[in-house]
Every structure is written in structure tokens, then in C-alpha cells.
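Residue 357 in UniProt numbering is what sits at position 357 of the sequence shown, and the numbering runs on without skipping anything.
For each residue, glycine too, the CB sits at the ideal point set by N, CA and C.
Everything below concerns the one structure shown next.
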Amino acid sequence: MDKIGFIKKDIYNLECSVNGKLRNHDVELVTEYFMAEQKKNEAFYFKIEGDGHDRFSRCFWADATSRRAYGFYGDVVVFDTTFNTNRYDLTFAPLLGVNNHGQTIVLACAFLSKETTESFVWMFEEFKKAMPGGEPKTIITDQDAAMAIAISIAFPTTFHRLCIWHITSKFSVKLPRDAYNEYWREFQKAIWDTDNKDEFDAKWNIVVTKAGLTDHPWLSSMFDLRESWVPAYARQFFAAGMSSSQRAEGSHGFFKQYISRRNSLMDFIIRFERALSHQREKELVADHVDAFEVAQCLLPMPMNKQMATLYTRTMFQKFEQELIESTACFLELKTEDACKVVFNVSERKNWETRVAEVVYVKDSDHASCSCQRFEFVGIICKHILALFRRDQIEYMPEKYIMKRWKKTAKCGLVSDANGKEIKDCADPGLLIKRSTMSRLASDVVEDALMSEEGCEVLSETLKSLQVKLKLLKDGPSNNEVGGSSSQTQYMKDPKRVRCKGRSKGVTGAKEKAMKRGIRHCRECGQIGHDRRQCPALNTP
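In C-alpha cells, the structure reads:
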């Protein structure tokens, strides 16, 4: 300890001192950081706006890597806000996607002082300006009224899917306790184990009627919104196999390992970039594995070997599982005419026989299945694979191989709205220059350390160089505001806000009982005693 020269308290005091000096300069530092990133790579996009009183209100940013990723994986976006990430209580709003390895990727980020429809519309419009390739096919969010209106305005052609996990988790709160305990299993079967819309509607109405909840307002509202969250309705839209925004929740948990509510905006961005680099490193590792290794095939079939060379390892494992399960499927001819053939494909699952309908169109050589797995996940289902086996189709037709799941998904150019290529990193010549100058600087420092005079000469020279470089840096620049251009008008730091996500919400009877410390008896469900004192058990 005596050789270190400082203790933990000294580090804390230094941090407090630095934070004190930087107070009221937070937005200025963030703006300069964004401008520096943009100077390194002009594909870096950012926008900062004030509240009309020259004070920071919101910002949006997306680096070149994220913008390129949207060009390849922008068909599905997961959006969810999170809190407790900065000292101003600004809402952090990352927009996320899924890459060809099934990993979560960051497409863009925003800080918002208000969670209003106007704020979300502004963020989505900036997202559209920054991203190549138009609107996403599907966006998944939780149930937020302002968010839903904003999506309908900014993305009129995008399917807005509601997170099924958020909805199903409310059943225990919204329904009467007895009704929930008795009928929750039946609600689950109606939601998850129905193959078509009519079947869901019938099962739902039967359960609701049996439970005596036909006039229940929350259940009625959820039934009216069924097209946005029930699998039987929503799986016709591609969503990379996702039916909830749990991926966003997991991403928030990952990033919160690096950040805290005490961070300034600049602290947050530095820590966030560090976490983002770790996340992207995992993607590079997966790319490396797929580039130099071929997954082992459990089934020695030509189609299986074909897909092992095309799909990433994660996606190949999902495909191979479908191929294995197809061996247990049995086809039965249902109808046939000059244009198409319809088969019933049956399988035994959980002691029940499940039947899917496969339609094979003769002229177009196209097959579709009632399970709609290919439409929803992008990987062909076991029912169609069973049909291929019957017809001895040894290799997968190209139309059933989705590019976004292939090892080569990131091959090709990505251009912005102006036709300019979005490059993933800065000019490699800059990296070479940086490496050369770093080695030179290291050698100079080592030579200067040999004598006191050398240290003084180097110190004075560096200070002189620093002044000259600052003059070069602060020379004439483009002062246009907005888009991916530079912004030089610094705003005041934001005031601390209170987001609606952290406000005191409406709680159900279950939460109220837990807060009061009241427990229900597990035997009779009544309040005021536990199972040991239950009158139902202790009655002679």
C-alpha cells in the first residue's frame, strides 16, 4: 500500500473534484464527443434538441456500426424504455434488433425528458432519417398509449406487436383471485395452444363464460387488442421468433452492470460505449466461429449438410431440430385439384395429436403451412420438411432460405438516403497513422525520462503542440444544425425530471397485500391467518 501513493478515499475525492469542475458542462461535453465521433466517421448520426429555453431536452444518436446493422437486420425492432441510468432521471430509450446469430444488437439510442407522444414521434422520425432501408416490418413494445400513437404516426406500415409477457403477467393482478387460480391454465391453453384465429376466439369465449367474466373490462379490452399480441393472430408477421420485449429487458440488465443513476450524461455515454464494445465482441467471436468451422450434422442428409454451410450455427441448430422432428410427422392427403394439393400433417406431442395443414401450389412450387413458422421465425417448419421428404426433395429451395440468418448476412454495401455508403469503421489509413504516431510518442517519452532536462523539454514542447492543435481543431467548421452535421451551439444541462415510468402507478390487490405484509392462506385463500391456523384444517 505504501508504494501505491494513494488510498480509496483519494480516488473518491478526485472523482468528486472532477465532477464539480464539469458541473454545468455536461451537455457541452456530450456535444463535443458526438462531434468528434462524427469527425472520425461521417456516418455517425446525432441530434440534440432543447426545450425552448436553451436547456437540453432530448438527444438521439446512432453510430455507423448500428446504421449498417439496420441495413441487414432492420426488419424487426424491439423498443422499451428504462430508468435510473443518469443523475437527471432522463429516460434512456434504446432501439434494439436481432442479428444473424440470434444476438441482441443496438440500432440506436435516445435520451428523453418526457414520455409523450410528441417525444416518441420525434425519436422515431430521427430513427427513420438515420436508418437505411425504410420502416421495419415489425416493432415490439409494451402497452404504452403514447408509444402506440407515436408508432402509428411514424411507422404507418409497420406491424405493432404488443409484448405478450407484459399482458399475461397482468392476469394475476387484474382477475379475481379465485377466477385466476381456477382458470389461468385454460387461458394459457387458449393463448398458446391454438392454431388459428377462430379456434382462439372460441376457446377464449368458453373460458371467459365459464369464469363468469364476460363483462370484465380488462379482459374485454385485451380481447379487442388480440390481433396485436395473440400468437394465432400475430404470427403471420415476421418477428424473428419473438413475441415479447423480454430481449429489451435483458439488454437493460446487461447495460446496467456498467452504469448507475449517479452518472452524468458524459459518464453514461463512456460507460455505455464500453458495454457496447463488449456486446459487439461477442458478435465478432460468433462470426469467427462460423467463418472457420462447420457445425456437426446429427442427420447425414444432403439438405442438413447444405444448411450447415449456409446458416449460422445458432440458426442451423434450430433448423436441424425441425428436420429431426419432421421424421415423426405423418402426411395424409386431404384435397387435390389442378392447382394445389392440401395435406394434413399430424404429430404426437404432449400426449396429444396436433394436426397442421400444408398447402402445396403446383405451378409455383411453393408450400405454406398453417403453423406459419416460416412467416414468423424465418426458418422452415417440420411440416413442410415432412412434405419435402415425401417428395424426395434433397436440397432446400432458395426461396426458403432467409438471408438474414445466413453466415453472409452482412455482405454487401449499405447506403443512406443520399446514396452514400455507410462504412462500418473510419478510414483504415487513420488507424495506421495512429499506430505509427503512438509508437513514435512512446519512444520520445522513454528518451525524455532519461533526464530531468529531457522531461522539461518534452513537457514544454507538448504544451506548445497542444495549443497549435487546438487552433487547428477549432478552425472553420460546418455549423449547420440537425441530421448528421456538426452542432456547435451548446445548451444548458437538463433539469432533473420525473418520468412517468417511475411514477406511483396503480397497484392491484396482490401488490397492496404484499406491501402491507398481509398473506393469504394457501389452503382456503382467505386473509388473516396462514395454513397452520386455517379453520378449514383445524375443524374437528
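- request: Out of Ile401, Val414 and Val78, point me to the one whose CA is closest to Ala239's CA.
  value: Comparing Cα positions, the closest option is Val78.
query: Going by Cα to Cα distance, which pick from Leu385, Ser364 and Gly378 is closest to Ala356?
result: The option with the nearest alpha carbon to Ala356 is Leu385.
- prompt: Could you give the residue range of the beta strand (DSSP E) that holds Val106?
  reply: It spans Thr104 to Leu112 - the beta strand (DSSP E) in which Val106 sits, taken as one unbroken run.
message: Is the separation between the beta-carbon of Asp290 and that of Thr312 shorter than 7 Å?
response: Result yes, Cβ atoms of Asp290 and Thr312 sit closer than 7 Å.
query: Count the other CB atoms within 10 Å of the CB of Gly253; is the residue buried (16 or more) or exposed (fewer)?
result: Gly253 counts as exposed, since fewer than 16 other C-beta atoms from the protein chains shown sit within 10 angstroms of its C-beta.
query: For Gly528, which three-state DSSP category applies?
result: DSSP places Gly528 in coil when its eight states are reduced to three.
message: Give the list of continuous alpha helix (DSSP H) stretches no shorter than 4 residues that lie fully inside the segment 131-215.
response: For the segment 131-215, whole alpha helix (DSSP H) runs of length 4 or above, ordered along the chain, are 145-154, 164-168, 171-174, 177-192 and 197-210.
message: Using a Cβ-Cβ cutoff of less than 6 Å, which residues in the same chain neighbour Ile149 once the five nearest sequence positions on both sides are dropped?
response: Thr117.
- prompt: Since Leu96 and Arg247 are thought to touch, with beta carbons under 8 Å apart, how far apart are those beta carbons, to the nearest angstrom?
  reply: Their Cβ separation, rounded to whole angstroms, is 6 Å, which keeps Leu96 and Arg247 in contact under 8 Å.
task: Within 10 angstroms of the Cβ of Arg161, are there 16 or more other Cβ atoms? Answer buried if so, exposed if not.
output: Buried, since its Cβ has 16 or more Cβ neighbours within 10 Å.
query: Given that a residue counts as buried once 16 or more other Cβ atoms are within 10 Å of its Cβ, and exposed if not, what is Pro94?
result: Answer is buried; the Cβ neighbour count reaches 16.
- prompt: Under the three-state reduction of DSSP, which class applies to Asn13: helix, strand or coil?
  reply: Correct three-state label for Asn13: helix.
task: Within its chain, find whatever has a CB closer than 7 Å to the CB of Cys521; leave out the 5 residues flanking it on each side and keep chain order.
output: Hits under 7 Å: His529, Asp530, Arg531 and Cys534.
Residues near Trp204 in its chain [Cβ-Cβ closer than 6 Å; skip 5 each side]: Listed in chain order, the non-local C-beta contacts of Trp204 below 6 Å within the same chain comprise Ala190, local neighbours out to five positions each way being set aside.
message: Which runs of the alpha helix (DSSP H) at least 4 residues long sit entirely within the segment 256-301? Give them in chain order.
response: The DSSP assignment places complete alpha helix (DSSP H) segments of no fewer than 4 residues inside the segment 256-301 at 265-292, in order along the chain.
message: Please classify Cys411 as buried or exposed, where buried requires at least 16 other C-beta atoms within 10 Å of its C-beta.
response: So Cys411 counts as exposed.
- prompt: In or out: Asn24 buried (at least 16 other Cβ within 10 Å) or exposed?
  reply: That one is exposed.
- prompt: Smallest Cα separation from residue 542: which of Leu284, Gly250 and Tyr400?
  reply: Residue 542 cannot be examined here, being either before or after the span of the chain that is shown, 1 to 540.
- prompt: What span of residues does the alpha helix (DSSP H) with Ser326 cover, start to end?
  reply: Taken as a continuous stretch (DSSP letters only), the alpha helix (DSSP H) holding Ser326 covers Arg313 to Ser326.
Proximal residues to Gly102 (C-beta, below 6 Å), its chain only, five neighbours per side dropped: Taken in chain order, the residues that qualify are Thr314.
- request: Would you please state the rounded distance, in angstroms, between the beta carbons of Leu298 and Glu325? I believe it to be under 8 Å.
  value: That pair is no contact at about 12 Å.
query: Should Pro132 go down as buried or exposed, given a rule of 16 or more other Cβ atoms within 10 Å for buried?
result: Classification of Pro132: buried, given that the 10 Å Cβ count is 16 or more.
task: Throw me the rounded Cβ distance for the Tyr180 and Lys210 pair, which I believe falls under 8 Å.
output: That belief does not hold up - the Cβ atoms of Tyr180 and Lys210 are roughly 13 Å apart, past 8 Å.
Alpha carbon of Lys129 to alpha carbon of Met266, nearest angstrom: Note on geometry: alpha-carbon atoms of Lys129 and Met266 lie some 24 Å from one another.
message: For Val457 and Asp443, what's the separation of their Cα atoms in angstroms?
response: In a straight line, the C-alpha of Val457 is about 15 Å away from that of Asp443.
task: Would you list the residues sitting across from Gly50 in a DSSP beta bridge?
output: Bridge partners of Gly50 according to DSSP: Phe56.
query: Since His383 is in the alpha helix (DSSP H), which residue starts that stretch and which ends it?
result: Bounds of the alpha helix (DSSP H) holding His383 are Lys382 to Arg390.
- prompt: Candidates Glu347, Phe316 and Ser221: which alpha carbon is nearest Lys406's?
  reply: The closest CA to that of Lys406, considering only Glu347, Phe316 and Ser221, is found on Phe316.
task: Could you tell me which residues DSSP puts in a beta bridge with Glu332?
output: According to DSSP, which records beta bridges pairwise, Glu332 is partnered with Asn344.
- request: Within the same chain, show all residues whose beta-carbon is closer than 7 Å to that of Ala43, passing over the 5 residues directly before and after it, in chain order.
  value: Cβ within range, chain order: Ala64, Arg67, Ile422 and Lys423.
query: Leaving out the 5 sequence neighbours to the left and right, which residues in its chain are closer than 7 Å to Asp26 when beta-carbon positions are compared?
result: Excluding residues within five positions, the ones whose Cβ falls inside 7 Å are Ser264, Leu265, Met266 and Asp493.
- request: Take Trp61 and list the residues in its own chain whose beta-carbon comes closer than 8 Å to its own, dropping the five residues that flank it on each side.
  value: Listed in chain order, the non-local C-beta contacts of Trp61 below 8 Å within the same chain comprise Phe34, Phe44, Tyr45, Phe46, Lys47, Ala108, Cys109 and Ala110, local neighbours out to five positions each way being set aside.
- request: Tell me, please, which residues DSSP counts as bridged to Gly97.
  value: DSSP output for Gly97 lists Ile105 as bridge partner(s).
query: Based on Cα-Cα distance, which residue from Glu347, Ala338 and Asp337 lies nearest to Thr327?
result: With distances taken between CA atoms, Thr327 lies nearest to Glu347 out of Glu347, Ala338 and Asp337.
- prompt: With which residues is Glu453 paired in a DSSP beta bridge?
  reply: Partner(s): none; Glu453 has no beta bridge.
message: For Pro302 and Ala36, what's the separation of their Cα atoms in angstroms?
response: Looking at the two C-alpha atoms, the distance is approximately 52 Å.
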